[in-house]
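Written out below as structure tokens is the structure these notes cover.
2 protein chains.
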Amino acid sequence: MSRKKAPKSVIKRLPVYLRILDNLIRRDVEVISSRGLSDETGFTAEQIRKDLAYFGAFGTRGTGYNTSYLRDKLMRIIGLDKKTRLVIVGAGYLGKALTRYNVLKNPYVDIVGVFDANPQEVGSEIEGIKIQSIEDIPEVLNKQNVKVAMITVPAEAAQKVVDSLISLGITAILNFAPTKLIVPRKVQVHNADLTIELQSLIYYVMEEEKEEKESRIQK
Amino acid sequence: MSRKKAPKSVIKRLPVYLRILDNLIRRDVEVISSRGLSDETGFTAEQIRKDLAYFGAFGTRGTGYNTSYLRDKLMRIIGLDKKTRLVIVGAGYLGKALTRYNVLKNPYVDIVGVFDANPQEVGSEIEGIKIQSIEDIPEVLNKQNVKVAMITVPAEAAQKVVDSLISLGITAILNFAPTKLIVPRKVQVHNADLTIELQSLIYYVMEEEKEEKESRIQK
DNA sequence: CATTGTGAACGGATTCACAGCC
DNA sequence: GGCTGTGAATCCGTTCACAATG
Chain R
49 MSRKKAPKSV
59 IKRLPVYLRI
69 LDNLIRRDVE
79 VISSRGLSDE
89 TGFTAEQIRK
99 DLAYFGAFGT
109 RGTGYNTSYL
119 RDKLMRIIGL
129 DKKTRLVIVG
139 AGYLGKALTR
149 YNVLKNPYVD
159 IVGVFDANPQ
169 EVGSEIEGIK
179 IQSIEDIPEV
189 LNKQNVKVAM
199 ITVPAEAAQK
209 VVDSLISLGI
219 TAILNFAPTK
229 LIVPRKVQVH
239 NADLTIELQS
249 LIYYVMEEEK
259 EEKESRIQK
Chain B
49 MSRKKAPKSV
59 IKRLPVYLRI
69 LDNLIRRDVE
79 VISSRGLSDE
89 TGFTAEQIRK
99 DLAYFGAFGT
109 RGTGYNTSYL
119 RDKLMRIIGL
129 DKKTRLVIVG
139 AGYLGKALTR
149 YNVLKNPYVD
159 IVGVFDANPQ
169 EVGSEIEGIK
179 IQSIEDIPEV
189 LNKQNVKVAM
199 ITVPAEAAQK
209 VVDSLISLGI
219 TAILNFAPTK
229 LIVPRKVQVH
239 NADLTIELQS
249 LIYYVMEEEK
259 EEKESRIQK
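So the protein sequences, as listed, match chains R and B. In terms of the numbering used here, the first sequence is residues 49 to 267. In terms of the numbering used here, the second sequence is residues 49 to 267.
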């Protein structure tokens, strides 16, 4: 029963399964096969079965997976059965977008603070949450046990902000600043670098155009 | 000389190299070794050499890589030597963040339109670009050849928007809506799903806490 | 002689194929 | 009979180790 630790690639797919299950449950679908999940996600059915098998045997042979049951299991596995407290540092458009999205659509997180260095922003509200000064971070983090932070400050400011957050007990960072953060081993950093996504997309567009041009020459 | 097609993982690293090179050039560093790039990026030196080798031999043995030369090569490889025209559909906070960032920091793209369905947003300006109605998309795309779109509309609206964009000639999509898009084979979709990033980060936080708890029990 | 470029070895993730079970 | 769960085979990307070279 005790299984090998699931690789990163598997963990990245779990939230996808969860979202599909949410949709299915909303549409009153009670059972789904791995093939059905394959159609919805684009991953192969075998892969889906393997992924789930890292954590247990959740299906019924001959039938498939009970959507509510599997959703419940996945919530526990990912750690969404309890609310995660987090702070957002940087209240530009991106910080505001993340605040708004999570308040409205993501009941599994609890935003305990949104911070910005710009005094003009401080005091204004976003979805009922007051933007506070960066200088107030220590006070807020000392009062509450918070492990997770989202960083949406400019690249130049990111490292300094992160050093301070880590000294205040943050151990997991979702970094939107386009820079490499230097952190102690025990701190998790996930980079969500939108420039990289865009540039790699552009690569494939250019490649396609090149191929088209070549095939035109051949004719 | 004709090499194997570079895998996706390699393409995702190219923009990282590019950013490091930009920084080095700004600091007047003229030569960097694969080891040096390794320190800056966190990837291994061998991997960096292998990655670059997919596209040619850009270094000098015994010395390293000339930063300007390599930057130039990478720009060409990724396709950033010409400006890429793109549209942004959805002018919520996220759409505005992307517009702003790309206008100010990304000289390789040319935003030819920002669109929103909300009449209250239409007409307002963001970094000098006027937000237009979604209904004006066909007119804009018929006038200019645009291949790339960023989608920052709500999940429910995304598929409809994308169908329309594809019929107007869009072939590459950076999708921020948390939903799977169904598109013809030839259309590239890159998903930049921020919920997935956050949830997989939460997984690792929970796992760490579990481990901590277990080790405490052992004592 | 430091550093690149690359074939060979390795390891991790995906796919295959089928046994196990409802 | 249909679908899950999983060992075995395969594929693909990373690391190793070293020959090539400025």
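Beta carbons: idealized from backbone N, C-alpha and C, even for Gly.
Separation of residue j from residue i, as counted between CA atoms
i	j	result
S82 of chain B	E94 of chain B	7 Å
P202 of chain R	Y149 of chain B	10 Å
V137 of chain B	L213 of chain B	10 Å
I125 of chain B	L85 of chain B	18 Å
Q236 of chain R	V188 of chain B	43 Å
M49 of chain R	G104 of chain R	Any reading at M49 of chain R is ruled out, since the residue's pLDDT is 40, under 50, leaving its predicted position unreliable.
R133 of chain R	K228 of chain B	28 Å
S172 of chain B	Y141 of chain B	13 Å
Y156 of chain R	E262 of chain R	50 Å
G217 of chain R	Y65 of chain B	31 Å
V135 of chain R	I177 of chain R	11 Å
E256 of chain B	E259 of chain R	47 Å
R119 of chain B	D241 of chain R	19 Å
K53 of chain B	I96 of chain B	16 Å
S57 of chain R	N223 of chain B	20 Å
G107 of chain R	A205 of chain R	48 Å
L146 of chain R	L246 of chain B	11 Å
K76 of chain B	R264 of chain B	Here the sequence assigns Asp to residue 76 of chain B, which means Lys is not the residue at that position. Roughly 51 Å between the two C-alpha positions.
R109 of chain R	I59 of chain B	40 Å
P167 of chain R	P167 of chain B	30 Å
Residue of the options minimising C-alpha distance to residue i
i	options	result
E268 of chain B	B:Q168, B:K153, B:A165 and B:N193	Residue coverage of chain B in this structure runs from 49 to 267, which leaves residue 268 of chain B outside it and unanswerable.
P226 of chain B	R:S57, R:K56 and R:N71	R:N71
P55 of chain B	R:Y65, R:S248, R:K121 and R:S263	R:S248
K131 of chain R	B:E257, B:E256, B:A145 and B:I250	B:I250
D158 of chain R	R:N193, R:D184 and R:K121	R:N193
G127 of chain B	R:E259, R:V253 and R:E204	R:V253
K281 of chain B	B:R74, B:D241, B:R109 and B:Y102	Any property of residue 281 of chain B remains undetermined from this structure, which presents chain B solely from 49 to 267.
N190 of chain B	B:V160, B:K208, B:P167 and B:Q207	B:V160
Residues bridged to residue i [DSSP beta-bridge criterion]
i	result
R133 of chain R	R:D158
D164 of chain R	R:S181
I174 of chain R	R:I177
Proximal residues to residue i (C-beta, below 7 Å), its chain only, five neighbours per side dropped
i	result
R61 of chain B	F91 and D99
K234 of chain R	T219
I68 of chain B	L85, E88 and T89
D129 of chain B	M123
E169 of chain R	A139 and I179
Chain-order list of residues whose beta-carbon lies under 6 Å from that of residue i (same chain, five-residue window excluded)
i	result
A165 of chain B	I182
F163 of chain B	V137, Q180, I182 and I185
K144 of chain B	I174
T243 of chain R	P226
V151 of chain B	E175
Own chain residues within Cβ distance below 8 Å of residue i, not counting five before or after
i	result
P232 of chain B	I214
E78 of chain R	N114, T115 and S116
I221 of chain B	V196, A197, M198, I199, V210, L213, L229, V231, V235, Q236, V237 and H238
G112 of chain B	V79, I80, S81, S82 and G84
Q207 of chain B	T227, L229 and I230
I73 of chain R	T115, S116 and R119
P63 of chain B	I126
heavy atom of the ligand MG below 8 Å from residue i C-beta
i	result
Y141 of chain B	Among the components of this structure there are no ligands whatsoever, and the ligand MG is therefore not found.
(request) Go through the region 182-264 of chain R residue by residue and report every complete run of the beta strand (DSSP E) that reaches 3 residues or more, in order. (result) With a minimum length of 3 residues, the unbroken runs of beta strand (DSSP E) contained wholly in the region 182-264 of chain R fall at 196-199, 220-223 and 236-239.
(request) Please go through the region 80-141 of chain R and give each complete beta strand (DSSP E) segment of 3 or more residues, from N-terminal end onward. (result) Segments of the beta strand (DSSP E) lying fully in the region 80-141 of chain R: 132-137.
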